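These notes concern the structure reproduced below.
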Amino acid sequence: MSDWTLAVDKADLAARFGKAAEQYDRHARIQQIIGDHLLSLLPGPNYEVALDLGCGTGFFLEKLQTLSHQLVGLDLSPGMLTAAAAKGGSAHLVGGDAEQLPLLPASCDLCFSTLALQWCASLPQALAADAPPALRVSAINAGSEKLLSKLDVWQ
Numbered sequence: 397m398s399d400w401t402l403a404v405d406k407a408d409l410a411a412r413f414g415k416a417a418e419q420y421d422r423h424a425r426i427q428q429i430i431g432d433h434l435l436s437l438l439p440g441p442n443y444e445v446a447l448d449l450g451c452g453t454g455f456f457l458e459k460l461q462t463l464s465h466q467l468v469g470l471d472l473s474p475g476m477l478t479a480a481a482a483k484g485g486s487a488h489l490v491g492g493d494a495e496q497l498p499l500l501p502a503s504c505d506l507c508f509s510t511l512a513l514q515w516c517a518s519l520p521q522a523l524a525a526d527a528p529p530a531l532r533v534s535a536i537n538a539g540s541e542k543l544l545s546k547l548d549v550w551q
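According to this note's numbering, the sequence shown is numbered sequentially starting from 397.
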């Protein structure tokens, strides 16, 4: 397995994303295309609890809400969470780090994430060997297993 450890200043990262939050959706077209593609790969609705890991401005929260009974949007940046809250919706917005999820073990059925894992200092730690510990089942979002197998970090 490759060494996927990076030096990441999480406070600086959160501040930079927070500063960009107001304009972010207008400039994040590739993130939106990737996220829409990942949504199309999901096997279907009816997740009890879904997690949008790195929810940012909440761009995908409305779509994810249609797939689950409860939705948690987690982001490192308070500024991004403020932007997500401004969109309304019923998602529970939580500040936190993907490498230290502030969620109970096995509390989610689905973990959806578009381009947030790249900001983890240790990708294997964030994936907790085979899935974030908050997941009830061993499955990251629908396209991640294929992507991660190409990166030599998926077991």
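Glycine included, C-beta positions come from ideal geometry on N, C-alpha and C.
Just so you know, these numbers come straight off a predicted model, no measurement behind them.
Per-residue burial, residue i [other beta carbons within 10 Å of its own, 16 or more giving buried]
i	result
D448	buried
D505	buried
A479	buried
D493	buried
A446	buried
Separation of residue j from residue i, as counted between CA atoms
i	j	result
S518	S486	31 Å
F508	W515	15 Å
L511	I426	10 Å
P498	G469	12 Å
L500	A417	28 Å
V404	P441	35 Å
L435	K415	27 Å
Q496	E444	22 Å
I430	L513	14 Å
Cut-off 7 Å between Cβ atoms - residues of its own chain near residue i, not counting five sequence neighbours on either side
i	result
L543	Any reading at L543 must be qualified, since the residue scores a pLDDT of 39, below 50, and its modelled position is unreliable; no value is offered.
L477	D471, L489, G491
Q461	L467, G485, S486, A487
K406	L472, D493
Under the three-state DSSP convention, the category residue i falls into
i	result
G491	strand
G475	helix
L434	helix
L500	coil
G469	strand
F508	strand
Chain-order list of residues whose beta-carbon lies under 6 Å from that of residue i (same chain, five-residue window excluded)
i	result
A410	L472, S473
F413	S473, M476
H465	E444
8 Å Cβ shell around residue i - same chain, five flanking residues per side excluded
i	result
L457	D448, C451, L467, G469, A480, K483, G485, A487
Residue i beta carbon near the ligand GTP (any heavy atom closer than 8 Å)
i	result
H488	As far as ligands go, the structure on display features none, and thus does not contain the ligand GTP.
Q: Specify whether the segment 448 to 460 and the segment 418 to 431 touch according to this definition: at least 3 beta carbon pairs, one from each stretch, less than 8 Å apart.
A: yes
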